[in-house]
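Structure first, then comments.
Protein chains in written order, with our numbering: chain S, 3 to 309; chain F, 12 to 350.
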């Protein structure tokens with residue numbers, strides 16, 4: 003186990019640097035890192051040269067990347083276009099997005115797994131078909147359409163919720179945005195649980211459990227669910243990273259001042275420090291989530307041993 | 012029956028994708044949009060995919076013959092196939108059902124509702140929503156088809172070669188796919204495409220191919236590794252077949268099924284992704300006519316004129332749904348486990 007963790011951590015290193023380098027190159031080589039520093043006008047050549055010298059942009063790209071990474075590891079993510087520290091932006095943005103992600107994950111677990119178990123045990127019945135069609139429809143409608151329509155119906159027509167979320171974004175105001183963010187993953191969780199339950203319900207150990215006279219609910223919770231939920235837990239775990247990255251759309255619709263909002267502002271204002279900083283952290287979250295999921299695997303399924 | 016490939020699949024993901032978690036079921040990385048395809052493909056990855064063992068006792072049929080027979084009777088396939096056929100026809104000849112010009116707008120009619128001759132009403136610029144919705148199909152279908160072709164070509168060639176030859180190249184490819192999976196797809200799109208100024212569809216397609224190919228490469232790799240262990244491949248090798256002959260004649264036909272399924276489902280998600288990127292303002296740009304652009308523009312007037320949003324959004328949803336259903340039907344037909 004220990005050796006496996008070390009091997010995985012070592013494998014994460016090139017992935018982390020590769021992904022951040024790609025983003026860094028895209029922003030710094032294809033874009034113009036100082037374009038955002040002169041307001042809405044273009045910088046005049048003299049100022050541009052001076053700024054480039056000041057920020058070390060006249061040095062080769064690999065050196066810039068090395069410097070940047072060195073700073074990141076000492077906790078310095080640079081400053082945004084308005085002079086605010088990027089770490090400051092992060093400390094206000096990440097709690098909001100984390101709250102949103104937690105709500106989304108809870109929706110996935112509660113609704114997704116329940117629907118999956120119900121349909122998996124009744125394969126081929128009307129409720130199964132209905133839920134399957136529903137999940138397909140949810141998957142087919144892009145998140146931003148779901149979000150806009152829910153905002154229109156619940157927020158504007160029926161006025162159940164406020165169409166936009168206040169800046170402090172407490173949990174209760176994030177319920178509908180969380181549902182929107184979760185919607186597509188929710189449908190996957192349902193389908194995955196359904197397939198897994200349907201496959202395992204024909205397994206020998208389930209037949210044995212039924213044959214020895216265990217009550218139905220015990221067979222389902224103790225025997226069937228425990229084995230069927232392994233792929234689902236894996237999916238939800240890897241989804242954490244995807245949700246935090248994908249929250250940008252939901253946050254834009256409901257005007258939530260989280261990570262997506264800051265990133266979007268960073269891109270609009272061409273603030274390279276903000277963009278690269280936030281993306282670096284998100285990549286890291288994503289990689290760690292994947293690692294945790296791989297380790298959880300052994301906990302959930304004792305048959306799996308890591309060499 | 013050949014030895015069940017179930018163990019094989021697990022072994023592949025354990026060694027290759029950097030952990031038991033990743034290859035087998037875990038859809039990682041490229042955002043929720045592409046996850047379905049991976050998870051659906053994973054079930055196929057383990058299946059032999061070969062013609063043997065699927066035919067009944069009488070005359071043995073090939074996997075493809077069997078699949079086609081199943082598909083013809085599947086109502087889901089027929090419905091989604093007809094929708095896709097319709098979409099392809101109107102994206103080739105939009106003037107068949109829409110006589111107007113999508114770029115001809117009259118500001119005095121902005122945001123008006125349904126009128127005779129203009130069933131979907133007008134948008135914020137006074138353009139006819141019906142005409143724009145019809146013309147938008149071309150963009151979406153072009154983006155979807157081109158991206159899928161590019162992704163399938165790159166992914167299956169690179170993944171297939173890595174799976175066949177193994178060794179250092181395989182390890183390298185696995186690490187490279189890991190890197191691409193580490194970039195959240197919408198974020199990557201925002202960063203990459205925000206610096207592009209071109210108004211054509213090609214940067215968007217290029218970006219989606221860039222981030223999409225690792226997904227197919229992984230599927231193709233696993234599928235080739237499974238196929239190359241079959242006895243008939245060993246027999247071909249023993250008979251002195253060259254690598255290219257083994258790959259093209261024996262392995263490719265038996266390994267291509269999962270790639271086709273994943274690519275079909277992914278096509279729908281690419282269309283959805285293009286619309287999402289256009290909504291965020293970095294995908295296609297006017298004067299391109301795209302559902303994503305129209306939805307984005309309409310979202311500002313959603314309180315006053317929701318029809319401007321609902322028609323293109325509905326068209327988008329139906330299109331994505333049709334491709335996902337088609338992929339689902341093809342998977343059911345190709346997956347012998349469900350028989």
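Every residue gets a Cβ at the ideal spot worked out from N, C-alpha and C, and that includes glycine. Bear in mind the structure is a predicted one, so any value in this text is a computation, not a measurement.
Following the DSSP letters along the chain, one finds residue 241(S) inside the alpha helix (DSSP H) bounded by residues 228-255. Per DSSP, residue 110(S) is not a residue of any alpha helix (DSSP H), being assigned neither H nor E. Assignment of residue 346(F) by DSSP, reduced to helix, strand and coil, places it in the coil class. The C-beta distance from residue 306(F) to residue 333(F) rounds to 18 Å, too long to meet the 8 Å contact threshold. The C-beta of residue 85(S) has fewer than 16 other C-beta atoms within 10 Å across all chains shown, which makes the residue exposed. The C-beta distance from residue 232(F) to residue 170(F) rounds to 4 Å, short enough to fall under 8 Å.
Scanning its chain for C-beta atoms nearer than 6 Å, with the 5 sequence neighbours on each side dropped, one finds around residue 120(F) the residues 133, 137, in chain order. Contact between residue 113(F) and residue 146(F) holds, since their C-beta atoms are separated by about 4 Å, short of 8 Å. By the Cβ rule, the segment 234-248 of chain S counts as touching the segment 275-287 of chain S, because three or more pairs are nearer than 8 Å. Residue 69(S) sits in a helix when the DSSP states are folded into three classes. Residues are counted here when their Cβ sits less than 9 Å from a Cβ of chain F; for the segment 113-133 of chain S the count is zero. For the options 89(F), 148(F), 309(F), 93(F), the alpha carbon positioned closest to that of residue 108(F) is the one of 148(F). Looking at the DSSP output, residue 81(S) shares a beta bridge with 87(S). Residue 216(F) is positioned such that its CB atom lies closer than 8 Å to that of residue 161(F). Less than 8 Å separates the beta-carbon of residue 145(S) from that of residue 186(S). The beta carbon of residue 276(S) sits closer than 6 Å to those of 82, 88, 268, all from its chain and outside the five residues before and after it, given in chain order. Per the coordinates, the alpha-carbon of residue 99(S) lies some 44 Å from the alpha-carbon of residue 238(F). A straight-line Cα-Cα distance of about 19 Å links residue 250(F) and residue 176(F). Per the Cβ contact rule, the segment 248-265 of chain S is not in contact with the segment 4-13 of chain S (fewer than 3 Cβ pairs under 8 Å). Within the segment 197-212 of chain F, 197, 198, 199, 201, 202, 203, 205, 206, 207 place their CB atoms closer than 9 Å to a CB of chain S, listed in sequence order. The Cβ of residue 314(F) sits closer than 8 Å to at least one Cβ of chain S. Residue contact with chain F for residue 71(S): absent (no Cβ-Cβ distance below 8 Å to any residue of chain F).
In the DSSP assignment, residue 109(F) falls outside any alpha helix (DSSP H), carrying neither H nor E. According to DSSP, residue pairing for residue 52(S) in a beta bridge does not occur.
Around the beta carbon of residue 215(S), a 10 Å sphere encloses fewer than 16 other beta carbons of the protein chains shown; the residue is thus reported as exposed. With a 10 Å radius around the Cβ and a threshold of 16 neighbouring Cβ atoms, residue 218(F) comes out buried. Residue contact check for residue 25(S) against chain F: a CB pair falls below 8 Å. Listed as beta-bridge partners of residue 133(F) by DSSP are 139(F). Interface annotation, residue 146(S): in contact with chain F, CB-CB separation under 8 Å.
Counting the other Cβ atoms within 10 Å of the Cβ of residue 207(S) gives fewer than 16, which makes it exposed. Distance from the Cα of residue 337(F) is smallest, within the candidate group 76(F), 74(F), 93(F), for 93(F). With a beta-carbon spacing of about 6 Å, residue 158(S) and residue 165(S) fall inside the 8 Å limit used to define contacts. Look at residue 217(F): its C-beta is not under 8 Å from any C-beta on chain S. Counting other Cβ atoms within 10 Å of its Cβ, residue 62(S) stays below 16 and is therefore classed as exposed.
DSSP places residue 116(F) within a strand segment (E or B) once states are collapsed to three. Beta-carbon to beta-carbon, residue 262(F) and residue 235(F) are separated by about 6 Å, close enough to satisfy the 8 Å threshold.
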